[in-house]
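From first to last, the protein sequence lines are chains X and C. According to the working numbering, the first sequence holds residues 1 to 315 in order. According to the working numbering, the second sequence holds residues 316 to 647 in order. Structure, as structure tokens:
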Amino acid sequence: MVGYLIRRIGQAIIVLFIVTVVTLALVHLFPGGPIPALLGPRATVAQVAYYNHLYGFDQPFYLQYIKWVGQILHGNFGYSAKLNISVAALIAQDLPKTIVLVGLGTIVSLAFGIPLGMYQAVHRYTAGDYALTGVAFLGYATPTFFVALLLVEWFAVDTHFFPPFAPQSSSALGVLSQPRALVLPVAAFAFVLFALWSRYMRSSVMDNLVQDYVRTARAKGAGERRVLWGHIFRNSLTSIVTLLGLSLPTLVAGAIFIEVVFNYPGMGLAFYNAALNVDYQVLLGFTVLATVATIVGNLLADIGYAILDPRVRYS
Amino acid sequence: MTMMIPPSEETPGAGLAEQELIVPELAEQDSALTAAEAQERGLAPSVKSRSMLRRGWEVFRENKLALASLGLALFMIGFCFLGPLFYHTDQVHTNLENVLCPPSASHPLGCDNVGYDVLGRLMIAGQTSIEVGVAAAVVAVLFGTLYGALAGFVGGPLDSLMMRLVDAGLSIPYITVLIILSVIFHPNKITMIFVIAAFYWLAVARLIRGETLTLRTREYVQAVKVIGGRKSRAITRHIVPNAIGTIIVQGTFAVADAIIILAGLGFLGLGVQPPDTDWGTMLSGGLTYLQSSQSYWWLIYPAGICIILICIAFNFIGDALRDAFETRLQRR
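Here you go:
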């Protein structure tokens with residue numbers, strides 16, 4: 001296990017190295033290079049040269065890379081010239097709000113997806129199962145932003161149940177203090193994830209239902225409720241925990257689309273605005289942060305899987 | 316070590332299939348084995364020899380849902396590419412008299428914010444969505460297959476290096492790469508194809524590499540090596556044809572995924588630019604007018620429903636194809 005951990009972390013570091021090189025290289029692909037993209041089409045050659053020197057873009061790539069990674073390791077993600085704020089401060093301001101949105105959405109989707117997936121597995125091939133499978137398929141085929149649009153159309157424009165905009169606040173607490181405005185963004189997030197959990201839970205529970213330990217539990221006279229919640233539920237959760245660790249890219253994508261639709265003041269919206277403004281420092285900083293989170297998530301998923309399922313032995 | 320493709324909402328098939336993913340590989344192995352055995356003994360199959368594709372089609376044909384999905388997909392393609400021949404609309408000049416006009420006899424689905432007829436726009440938007448979706452899927456699957464087959468077949472340090480590159484690519488949340496790439500390259504149909512393929516081939520490569528690992532130990536692949544065949548021959552003539560089931564299934568899901576990805580970028584305003592449009596770009600117009608007091612439902616539902624229908628169709632076709640390639644053994 002320890003050997004596996006060391007090898008796995010070593011792999012993660014190699015991956016991280018490749019990702020950072022690729023990301024920094026992407027910056028040089030901006031039309032005309034990063035500085036002309038930043039200064040706009042009317043910048044003079046002298047201005048471009050000045051800023052190229054200021055930001056170190058006139059140095060060889062490997063020196064730029066070392067300097068950049070060194071800065072990131074010190075928590076310096078660069079400075080957004082367009083927003084006149086350091087990227088680290090931007091992250092500190094927006095990340096908690098995105099965590100609120102993503103966290104609530106994930107919790108709500110798990111609260112619906114897991115029980116419904118279990119229901120489907122127990123009552124498989126019945127009308128209820130087919131209906132929920134249909135809903136899950138719709139969830140897969142429907143783009144996140146369309147779900148969000150529909151929710152706004154139905155519950156904000158047509159019926160005025162909820163406001164069409166997300167809470168506008170500079171802090172996560174401020175966002176939480178307006179629960180009515182949070183309902184639609186969280187619901188949109190939850191619907192998209194719900195399909196994922198319920199499908200996995202359904203197949204996972206169905207796999208477990210035919211295991212020997214379930215037969216043993218039944219033979220010993222355990223009631224259906226006890227078999228289901230005491231035995232199968234726990235064993236089926238392992239796949240969900242793994243999936244949670246692997247689903248970070250999905251969460252990031254969901255956050256961007258939902259924040260754009262609802263104008264939710266989080267990292268996703270900031271990233272989107274940075275893309276429109278070609279604010280490359282923000283793009284770079286957010287991408288590296290999201291990537292590190294993804295790699296750590298994958299690592300935790302693998303480790304969590306090994307801890308939760310004693311049958312898994314890594315060599 | 317567990318090999319998992321990171322699930323994403325843009326890969327509906329992958330999510331559903333995680334548990335079943337192993338199965339096609341097993342089926343593939345068995346068929347490969349029997350084929351190899353038959354070759355070894357110089358026996359022709361007792362039944363009249365039918366191609367794998369032919370047998371697959373026979374199973375596919377019996378699946379009602381799959382046939383309905385195929386019909387739906389063909390209908391959507393016909394609607395987009397043949398529709399404009401029968402339903403003439405001006406999709407080039409804006410018409411300010413018609414701005415946001417509600418559905419009427421002359422405009423069955425109303426008009427959008429610059430006066431384009433929505434029904435006609437749906438057709439040309441669909442052309443872009445389907446063209447880019449199919450082309451991106453083809454590029455991604457072709458490149459991913461060759462890359463994955465090469466890595467899996469060669470093995471050793473080169474395989475490790477190639478797969479770490481794939482791991483790295485898959486670790487960057489795809490949406491951020493796609494957004495950055497669309498900012499860098501002036502978005503049009505051609506660049507969108509390559510932008511989407513540039514991300515999508517990674518998952519394909521990982522899948523095909525896994526498939527190759529099981530195929531390369533087969534006798535007939537070993538035989539190529541023994542009789543002095545080149546690696547390129549083993550890959551292109553033996554590995555890839557035997558993984559064709561997985562490749563086709565993956566390609567089908569890829570079309571649906573690429574259409575959703577393109578729609579997502581279009582919705583963000585980073586997809587194809589006017590006068591070109593796709594279904595996602597049409598929806599982004601709907602967002603602008605959503606928050607006004609009046610409901611402009613014809614800006615939202617038609618394009619959104621088109622995306623859902625084509626994606627459901629391709630996903631069901633992909634599922635059915637997987638069944639077809641899996642069960643072909645029993646059908647002989």
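The beta-carbon is built from N, C-alpha and C at its ideal position, and this holds for glycine as well.
- A contact between stretches requires three or more CB pairs, one per stretch, nearer than 8 Å, and the segment 45–64 of chain X fails this requirement with the segment 237–245 of chain X.
- With a cutoff of 9 Å on beta-carbon distance, residue 185/X and residue 262/X are scored as near each other.
- Listed along the chain, the chain C residues whose CB falls inside 8 Å of the CB of residue 106/X amount to none; the nearest CB is some 13 Å away.
- CA-to-CA, the gap between residue 69/X and residue 75/X works out to about 10 Å.
- Where residue 273/X is concerned, the enclosing alpha helix (DSSP H) starts and stops at 267–277.
- Residues are counted here when their Cβ sits less than 8 Å from a Cβ of chain X; for the segment 571–590 of chain C these are 571, 575, 578, 579, 582, 583, 584 and 585, given in chain order.
- With respect to the C-alpha of residue 84/X, the residue from 294/X, 304/X and 281/X having the closest C-alpha is 281/X.
- With the criterion set as a beta carbon lying under 8 Å from some beta carbon of chain C, the members of the segment 243–263 of chain X are 243, 246, 247, 248, 249, 250, 252, 253, 254, 256, 257, 260 and 261, in sequence order.
- Rounded to the nearest angstrom, the gap between the Cα atoms of residue 546/C and residue 465/C is 9 Å.
- Taking a 10 Å sphere around the C-beta of residue 212/X, we find fewer than 16 other C-beta atoms and assign the residue as exposed.
- DSSP, reduced to helix, strand and coil, places residue 426/C within a strand of the structure shown.
- Only residues of its own chain outside the window of five on either side were considered, and among them 119 and 120 have a CB closer than 8 Å to the CB of residue 128/X, listed in chain order.
- Rounded to whole angstroms, the separation of the alpha carbons of residue 378/C and residue 260/X is 40 Å.
- The criterion of a C-beta distance shorter than 9 Å is satisfied by residue 149/X and residue 605/C.
- With the rule of 3 Cβ pairs closer than 8 Å, the segment 36–43 of chain X does not count as touching the segment 12–24 of chain X.
- In summary, the residues of the segment 473–506 of chain C whose CB is separated from some CB of chain X by less than 7 Å are 479, 480, 482, 483, 486, 487, 488, 489, 490, 491, 494, 495, 498 and 499, in the order they occur in the chain.
- In this structure, 14/X is the residue among 50/X, 14/X and 258/X with its C-alpha nearest to the C-alpha of residue 479/C.
- Under DSSP, the beta-bridge partners assigned to residue 85/X are 80/X.
- Residue-level contact check: residue 153/X touches chain C, since one or more beta carbons of chain C fall below 9 Å from its beta carbon.
- Contact between the segment 130–145 of chain X and the segment 191–198 of chain X is present, with at least three C-beta pairs closer than 8 Å.
- By the Cβ neighbour-count rule, residue 420/C is exposed, with fewer than 16 other Cβ atoms within 10 Å of its own.
- Residues of the segment 141–169 of chain X that bring their beta carbon within less than 7 Å of a beta carbon in chain C comprise 141, 142, 143, 144, 145, 146, 149, 152, 153, 157, 158 and 164, in sequence order.
- The bridge partners DSSP lists for residue 482/C come to none.
- Interface flag for residue 88/X against chain C is unset, since no Cβ pair is found closer than 9 Å.
- Taking C-beta atoms as the reference points, residue 102/X and residue 255/X count as a pair closer than 9 Å.
- Around the beta-carbon of residue 208/X, 16 or more other beta-carbon atoms lie within 10 Å, marking it buried.
- Contacts between residue 632/C and chain X, judged by CB atoms closer than 7 Å, are missing: the closest CB pair is about 12 Å apart.
- In the DSSP assignment, residue 302/X falls within the unbroken alpha helix (DSSP H) covering 280–308.
- Cβ atoms of residue 440/C and residue 511/C stay farther apart than 8 Å, at about 16 Å.
- Under the three-state reduction of DSSP output, residue 593/C falls in the coil class, being neither helix nor strand.
- For residue 169/X, the closest C-alpha among the options 161/X, 91/X and 178/X is that of 178/X.
- Per DSSP, the beta-bridge partners of residue 432/C are 426/C.
- Interface residue (Cβ-Cβ distance to chain C less than 9 Å): residue 19/X is classified as such.
- Distance check between residue 599/C and each of 394/C, 459/C and 618/C places 618/C closest, using alpha-carbon atoms only.
- Contact between residue 182/X and residue 192/X is absent: CB atoms are separated by about 16 Å, not below the 8 Å threshold.
- In terms of CA proximity to residue 72/X, 292/X leads the group 292/X, 304/X and 126/X.
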